[in-house]
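Peer 1: Below are the structure tokens for one structure; questions will follow.
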Ligand SMILES: Cc1ncc(COP(=O)(O)O)c(C=O)c1O
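Residue numbers (this note's numbering): 53 to 483.
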């Protein structure tokens with residue numbers, strides 16, 4: 053039975069026209085004549101992205117404006133430190149770009165403080181831990197077998213090496229976070245911090261209950277909103293900022309910015325967070341990326357982005373329903389977000405085989421853990437296909453193509469041809 057988690061925001065009343073990216077800004081001519089070997093690879097990747105379906109839940113197509121900022125002369129600039137307090141000269145324009153990025157981020161997410169320098173989502177989480185924890189501290193986070201990220205205690209990651217991570221899980225029947233067990237675990241282990249966030253949880257976390265549990269045991273609440281941050285920006289997912297001590301995020305998923313990270317917090321933790329980013333865990337910020345983040349935050353504040361974020365969720369719901377109709381078992385019975393997790397076992401294959409067959413047909417996605425057992429499922433997201441301008445009908449067709457590709461391992465060329473035609477009808481960078 054479909055399950056709806058709390059506080060799913062209502063869609064916007066009057067939808068403005070959807071935004072569509074224009075043509076790519078880069079002129080590959082110079083690169084082609086100077087370094088055809090690398091230019092060839094970049095063009096091949098451009099064609100791969102345009103000729104297949106990008107359904108990896110963590111990916112999206114940034115706008116030409118974001119790409120222009122990334123390819124700008126700010127890429128040349130060293131700017132260790134923060135605006136007005138740099139270790140390098142000539143930072144007046146870098147300072148201006150960072151101030152705008154911070155101002156836009158705090159306004160967009162209603163936070164008192166934003167640090168826009170983390171090089172990635174992992175760097176943001178590292179800095180949050182560095183600000184709040186000491187090596188050896190106990191931290192509660194979603195267990196990796198249930199969808200926790202590497203930075204939530206994986207043995208091969210700094211988090212698993214330096215902290216005592218205790219994993220919480222989801223209910224094997226509903227796939228939802230079991231708050232009763234989470235509370236019991238928190239009471240028993242008295243963690244210094246609780247991390248709320250996942251790579252594959254398709255529902256809205258109940259931030260209020262996480263806050264309550266953290267307060268009860270005297271723990272910090274760190275929300276790793278790497279995945280839903282764009283939905284939050286567009287009002288299509290609840291905002292964790294009022295509940296969390298620190299919010300970590302990526303800027304490149306649904307948020308549609310450059311690859312990078314960011315941290316939000318209240319004024320009382322601002323200085324600790326800033327020092328944890330620079331100089332504790334990073335050197336010079338990548339100022340071209342900071343400028344590109346500012347561009348993305350500006351885009352995310354528009355009515356067009358609000359519509360986009362709600363479309364992303366609507367499309368994921370159509371896809372989830374279509375996959376169920378094809379025989380896949382969709383975890384939690386659906387989705388509130390851009391993420392759909394499905395078990396292909398009823399079709400007679402595991403997640404890895406399904407991914408291979410889908411990939412052969414031009415549909416690119418990941419495998420992921422399932423709430424029950426050791427078998428892997430598939431994880432897909434609708435951020436990129438929605439940016440391309442695809443609609444509900446396209447989502448329903450993609451679900452049917454999934455069923456065909458996974459069920460019929462023979463000649464996939466007719467399916468691949470239809471996938472290519474669908475992708476080419478909706479170019480990510482038309483023009
Ligand atoms: C929940 C979560 N945290 C952190 C990260 C890390 O982001 P990055 O790959 O930019 O380091 C991800 C990336 O997918 C994520 O999903």
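No residue lacks a Cβ here, since even glycine has one placed at the ideal position from N, Cα and C.
Every value quoted in this text rests on a predicted model; they were computed, and no experiment measured them.
For residue 487 versus residue 401, is the C-beta distance shorter than 9 Å?
Peer 2: In the structure as shown, the chain starts at 53 and stops at 483, and residue 487 therefore has no counterpart that could be examined.
Peer 1: Less than 9 Å between the C-beta atoms of residue 321 and residue 158, yes or no?
Peer 2: Sequence index remark: in the chain shown, residue 321 carries index 269 (1-based). Sequence index remark: in the chain shown, residue 158 carries index 106 (1-based). No.
Peer 1: Under 9 Å, do residue 457 and residue 397 count as touching if we go by C-beta distance?
Peer 2: Walking along the chain shown from the start, residue 457 turns up at place 405. Walking along the chain shown from the start, residue 397 turns up at place 345. The answer is no: Cβ separation not under 9 Å.
Peer 1: Any heavy atom of ligand 2 inside 8 Å of the beta-carbon of residue 203?
Peer 2: Ligand 2 is absent from the structure shown, which contains only ligand 1.
Peer 1: Could you tell me which residues DSSP puts in a beta bridge with residue 217?
Peer 2: One-based indexing of the chain shown puts residue 217 at position 165. 191, per the DSSP bridge assignment.
Peer 1: Checking the sheet assignment: what are the DSSP bridge partners for residue 395?
Peer 2: Looking up residue 395 in the chain shown gives position 343. Looking at the DSSP assignment, residue 395 forms a beta bridge with 381.
Peer 1: Note down, in chain order, each residue of its chain lying with its Cβ closer than 7 Å to the Cβ of residue 309, except the 5 sequence neighbours on either side.
Peer 2: As a first step, residue 309 is located in the chain shown; it is residue number 257 there, counting from the start. The answer, listed in chain order, is 114, 118, 303, 344, 345 and 348.
Peer 1: Considering only the beta carbon of each residue, do residue 452 and residue 376 sit closer than 9 Å?
Peer 2: Here residue 452 is taken as the residue at index 400 of the chain shown, counted from 1. Here residue 376 is taken as the residue at index 324 of the chain shown, counted from 1. No; because the gap between Cβ atoms is not below 9 Å, this pair is not in contact.
Peer 1: With 16 as the cutoff for other CB atoms within 10 Å, does residue 187 come out buried or exposed?
Peer 2: Counted from its first residue, the chain shown places residue 187 at position 135. It is exposed - the Cβ of residue 187 has fewer than 16 other Cβ atoms within 10 Å.
Peer 1: On the criterion of 16 or more Cβ atoms from any shown chain inside 10 Å, does residue 169 qualify as buried, or is it exposed?
Peer 2: Residue mapping note: residue 169 aligns to position 117 of the chain shown, counting from 1. Classification for residue 169: buried.
Peer 1: Compute the beta-carbon to beta-carbon distance between residue 484 and residue 135, rounded to the nearest angstrom, for a pair I have assumed lies under 8 Å.
Peer 2: What the structure shows of the chain is the stretch from 53 to 483, and residue 484 is not part of that stretch, so it cannot be assessed.
Peer 1: To the nearest angstrom, how far is the alpha carbon of residue 293 from that of residue 330?
Peer 2: Numbered from 1 along the chain shown, position 241 holds the residue referred to as residue 293. Numbered from 1 along the chain shown, position 278 holds the residue referred to as residue 330. Each residue's Cα considered, the two are about 22 Å apart.
Peer 1: How far does the alpha helix (DSSP H) with residue 233 in it reach, from first residue to last?
Peer 2: By 1-based counting over the chain shown, the position of residue 233 is 181. Segment 231-241, the alpha helix (DSSP H) holding residue 233.
Peer 1: In three-state DSSP terms, what is residue 122?
Peer 2: Within the chain shown, residue 122 is the residue found at index 70, counting from 1. The answer is helix: DSSP assigns residue 122 an H, G or I state.
Peer 1: For ligand 1, is there a heavy atom less than 8 Å away from the beta-carbon of residue 313?
Peer 2: On the chain shown, residue 313 is found 261 positions in, with the first residue counted as 1. Checking every heavy atom of ligand 1 against the Cβ of residue 313, one is found closer than 8 Å.
Peer 1: Answer yes or no: do residue 126 and residue 145 have a C-beta to C-beta separation smaller than 9 Å?
Peer 2: Numbered from its first residue, the chain shown carries residue 126 at position 74. Numbered from its first residue, the chain shown carries residue 145 at position 93. Yes.
Peer 1: Is the beta carbon of residue 19 sitting closer than 9 Å to the one on residue 241?
Peer 2: The structure shown does not extend to residue 19, since the chain spans only 53 to 483, so no value can be given for it.
Peer 1: Check whether the Cβ atoms of residue 245 and residue 271 lie closer than 9 Å to each other.
Peer 2: Counted from its first residue, the chain shown places residue 245 at position 193. Counted from its first residue, the chain shown places residue 271 at position 219. Yes, they are a contact pair.
Peer 1: Does ligand 1 have a heavy atom nearer than 8 Å to the CB of residue 179?
Peer 2: As a working mapping, residue 179 is identified with position 127 in the chain shown. The answer is no for residue 179.
Peer 1: Give the straight-line distance between the Cα atoms of residue 485 and residue 194, rounded to the nearest whole angstrom.
Peer 2: Limits of the chain in this structure are 53 at one end and 483 at the other, which puts residue 485 out of reach.
Peer 1: Go ahead and pull the three-state DSSP assignment for residue 275.
Peer 2: Along the chain shown, read from residue 1 onward, the residue named residue 275 stands at position 223. In the structure shown, residue 275 sits in a strand (DSSP, three-state: E or B).
Peer 1: Apart from the five residues on each side of it in sequence, which residues of its chain come closer than 6 Å, Cβ to Cβ, to residue 440?
Peer 2: One-based indexing of the chain shown puts residue 440 at position 388. Only 478 and 480 meet the Cβ criterion.
Peer 1: Which of the three DSSP states, helix, strand or coil, is assigned to residue 82?
Peer 2: Walking along the chain shown from the start, residue 82 turns up at place 30. Three-state result, residue 82: helix.
Peer 1: Identify the continuous alpha helix (DSSP H) that holds residue 103 and give its terminal residues.
Peer 2: Counting from 1 along the chain shown, the entry for residue 103 is found at position 51. Segment 88-103, the alpha helix (DSSP H) holding residue 103.
Peer 1: So which residues touch the region around ligand 1, with touch meaning a C-beta under 5 Å from any heavy atom?
Peer 2: Result: 110, 172, 173, 174, 201, 249, 251, 276, 278 and 302.
Peer 1: Answer with buried or exposed for residue 90, where buried requires no fewer than 16 other C-beta atoms within 10 angstroms of its C-beta.
Peer 2: The residue given as residue 90 occupies position 38 in the chain shown. So residue 90 ends up on the exposed side.
Peer 1: Quick one: what does DSSP say residue 73 is sitting in, helix, strand or coil?
Peer 2: The residue you call residue 73 lines up with position 21 of the chain shown. Because residue 73 carries a pLDDT of 44, less than 50, the predicted location of this residue cannot be relied on, and the following value inherits that uncertainty. Coil at residue 73, not helix or strand.
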